[in-house]
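Following our numbering, the numbering of the sequence shown begins with 413 at its first residue and continues without gaps. The C-beta atom is built at its ideal place from N, Cα and C for all residues, glycine as well. Quick caveat, the model's predicted, so the values are computed rather than measured.
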Amino acid sequence: MVDDWETLSLVFFDVETTGLNPHQGDAICEIGAVKLKNEEIIDKFQTLVNPKRKIPPHVSSIHNIYDEDVKDAPCFEKVIDSFLAFLKDSIIAGYNICFDLSFLNKELAKMGYPSLNMPALDVLKMAKRTLNLKYYNLGYLTQYLKIKAERYHRALEDAYLTSQVFLKIRNILYEKGVRKMEEIILLFGVESFSYKKIQQPLLTLFKESIEERIRVKVRYFSSSGVKEYTFFPLKVVENTVFGRDREGGLSLKLNQILDVEVL
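(1) If we ignore side chains and look at the alpha-carbon of each, how far apart do F578 and D570 end up?
(2) Determine the direct distance from the alpha carbon of V628 to that of S663, and round the result to whole angstroms.
(3) If we count Cβ pairs, one from each stretch, closer than 8 Å, do we get three or more for the region 468-478 versus the region 516-523?
(4) Compute the Euclidean distance between the alpha carbons of N508 and L599, then round it to the nearest angstrom.
(5) For a test of the three-state rule: what should DSSP assign to S636, helix, strand or coil?
(6) Just the Cα atoms here: how many angstroms apart are H475 and K588?
(7) Would you tell me roughly how many angstroms separate the C-alpha atoms of D512 and Y552, rounded to the nearest one?
(8) Please determine if the region 435-451 and the region 477-492 are in contact, where contact requires at least 3 C-beta pairs separated by less than 8 Å.
(9) For H565 and Y586, I'd like the C-alpha separation in whole angstroms.
(10) Under the DSSP definition of a beta bridge, which residues are partnered with I503?
(11) Using the beta-carbon count (16 or more within 10 Å), is L496 buried or exposed?
(12) What are the partner residues of P645, as DSSP defines its beta bridges?
(13) If you measure between the beta carbons of L573 and I559, is that distance less than 8 Å?
(14) To the nearest angstrom, how far is the alpha carbon of I504 from that of N651?
(15) In angstroms with no decimal places, state the Cα-to-Cα distance between L499 and R656.
(16) Express the C-alpha separation of L422 and L675 in angstroms, rounding to a whole number.
(17) Going along the chain, which residues of its own chain have a beta-carbon closer than 7 Å to the beta-carbon of P463, five neighbours each way excluded?
(18) Whole angstroms is fine: what's the gap from E673's alpha carbon to L550's?
(19) Taking just the CA atoms, how far does K537 sit from Y632?
(20) For the alpha helix (DSSP H) that E594 lies in, which residues bound it at each end?
(21) Output yes or no for whether 8 Å exceeds the beta carbon distance between Q668 and S634.
(22) Compute the beta-carbon to beta-carbon distance between I626 and L646, rounded to the nearest angstrom, for a pair I have assumed lies under 8 Å.
(23) Going along the chain, which residues of its own chain have a beta-carbon closer than 8 Å to the beta-carbon of V648, five neighbours each way excluded?
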């Protein structure tokens, strides 16, 4: 599925919940998603979900979803198959997507389903590593990027706003030299099998270069743009490669390396 990134659709999704911790009984009460292809919204998904528990008043005051709104809504088991079909053959994305994934995967586990294992992009991570702002909540960011928003903290609306934030930041990244979807996933993706499938060839090249003591040239992303470095890699420790170039020692974060060429 990941051979041609540019042909894949992107699904931006958001969940509203009864609280912050799925491992302490909090559950999903709304799912919203938009499907983007060639910068156009081509499909939408939205449903309230009966969480099978009370929604605390202080939580309802945030997203305006109350017990009476979800009492006749389908439970998660009734909506998940249609939502998974909506996600099929797509890159998934969200704003602080690990929060949303934690709830989805907890519910999937209860049903005996496997966790979602597809390329996943965190738009919050994109914002933090691309824009130098005081705040990074979705409301502040949409105002900063001049994206019109009618309301926040509802799943479909937040999914749509996240897609528009993504498009704005992608244009900024394009000007900085990041122009392929695969590179965006490398920089701002969530750890998963699909993510590691892209990153593993980079690690293999570094290992071979260290063993054979040969130089490499890398394309590296920083807040100022994409730069090239030519050096002898010496070791890889956790998320950092250490090396030596003409000016002395250097260290580069693996998750900011876009490409490696053996010289």
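According to the data block:
(1) 12 Å
(2) 13 Å
(3) no
(4) 15 Å
(5) coil
(6) 36 Å
(7) 20 Å
(8) yes
(9) 29 Å
(10) L422
(11) exposed
(12) G655
(13) yes
(14) 24 Å
(15) 44 Å
(16) 35 Å
(17) T430, A439, I440, C441 and V482
(18) 37 Å
(19) 17 Å
(20) M593 to F600
(21) yes
(22) About 12 Å separates the two Cβ atoms, so there is no contact after all.
(23) L615, F618, K619, I622, F654 and L666
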